[in-house]
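**Q** My questions all concern the structure below.
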Amino acid sequence: MDRKIFLKNSLVLGAASLLPTNSVFSQGLKESGMDKLTDAEGNFALQSLPYSETFLEPSMDQETLHLHYTFHHGDAVKAANKDLQMVRKALDENNVEVVDYWTKKLSYHLSSHILHTIFWTNLTNKKTDPKGELLKQIEKDFGTYDKLKLLISKTSKGVDGNGWGILGYHPSTQKLTIMQCENHEKLTQWGVIPILVIDVWEHSYYLKYRNRRAEFVDNLFPIINWDNVAERFAVAKKIG
Ligand code: MN3
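In this text, residue positions in the sequence shown follow the numbering used here: the first is 341, and each later residue adds one.
Next up, the structure:
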């Protein structure tokens with residue numbers, strides 16, 4: 341697609357109004373406790389964004405959001421389907437020599453799909469703050485909300501190469517924990533359920549912020565949807 345057509349399409353998309361709040365993302369979260377990652381046939385599927393592409397401006401510009409969602413997240417979904425297919429094909433053909441390669445690819449692409457799906461719902465265009473049970477848990481595990489902010493901000497800014505800053509809840513220990521994820525799948529703590537994820541891959545910010553990752557992370561804080569984080573926290577606690 342040339343740039344002219346891309347911009348025209350983007351404007352049309354950008355003009356679309358905010359989708360209903362009961363989008364498939366939060367619907368899936370509410371009904372099953374899980375984000376909707378697959379379609380009716382069980383294939384990994386990219387769901388619609390829960391808002392228009394201009395909704396997060398100026399913190400996140402429309403062009404970045406369009407490219408990020410459509411191509412970075414979208415292509416990861418396609419690739420995860422292929423990876424899984426290739427593992428099955430290898431088993432069918434009794435060719436287990438290649439499963440090592442496709443298993444690693446699946447881990448990378450499916451983790452990307454999972455984290456991006458959470459990421460879109462973690463953002464909104466108005467300021468919110470943690471309250472209620474979530475705030476109590478934050479104070480128990482980190483002291484204050486400001487200390488948590490400092491920790492997740494520092495962790496996100498400090499990722500080596502591409503990756504994520506993640507706040508998660510660990511049902512087994514009943515604690516919130518901060519993780520610094522490299523790529524999409526490295527440095528996890530098994531069993532932790534991510535409730536807030538911050539994408540610090542260069543594709544998240546390079547068009548608008550260039551090399552200034554720290555500025556991007558700082559500008560993301562005012563648009564974090566703490567209501568969505570609280571909803572995720574409540575679901576994660578039920579699982580525990
Ligand atoms: Mn990304």
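Even glycine gets a Cβ: it sits at the ideal position worked out from N, Cα and C. Bear in mind that the values here come from a model prediction, so they are computed numbers and not experimental data.
(1) Run the proximity test for Trp460: is its beta-carbon closer than 8 Å to any non-hydrogen atom belonging to the ligand MN3?
(2) Grouping DSSP H, G and I as helix and E and B as strand, with all else coil, what is Phe411?
(3) Quick one: is the Cβ of Ser452 within less than 8 Å of any heavy atom of the ligand MN3?
(4) Tell me the residue span of the alpha helix (DSSP H) that contains Trp460.
(5) I need the boundaries of the beta strand (DSSP E) containing Lys515, first residue and last residue.
(6) What three-state label does DSSP hand Val537 in the structure shown?
(7) Going straight from the alpha carbon of Gln402 to that of Trp442, what length do you get?
(8) Do the segment 507 to 520 and the segment 376 to 391 meet, that is, are 3 or more Cβ pairs less than 8 Å apart?
(9) For Phe365, which residues of its own chain have a beta-carbon under 8 Å away from its beta-carbon, when the five flanking residues on both sides are left out?
**A** Taking the coordinates as given:
(1) Along the sequence shown, read from residue 1 onward, the residue named residue 460 stands at position 120. No, the Cβ of Trp460 stays beyond 8 Å of every heavy atom of the ligand MN3.
(2) Along the sequence shown, one-based indexing puts residue 411 at 71. Reduced to three states, the DSSP call for Phe411 is helix.
(3) The residue given as residue 452 occupies position 112 in the sequence shown. The answer is yes for Ser452.
(4) Mapped onto the sequence shown, residue 460 falls at position 120. Per DSSP, Trp460 belongs to the alpha helix (DSSP H) from Val439 to Thr461.
(5) As a working note, residue 515 is residue 175 in the sequence shown. Segment Lys515 to Glu522, the beta strand (DSSP E) holding Lys515.
(6) Numbered from its first residue, the sequence shown carries residue 537 at position 197. Strand, per DSSP.
(7) Looking up residue 402 in the sequence shown gives position 62. Looking up residue 442 in the sequence shown gives position 102. Spanning the two alpha carbons is a distance of roughly 33 Å.
(8) no
(9) Locating residue 365 in the sequence shown gives position 25, where the first residue counts as 1. For Phe365, where only same-chain residues beyond five positions count, the Cβ hits under 8 Å are Asp375, Lys376, Gln387, Pro390, Thr457, Trp460 and Thr461.
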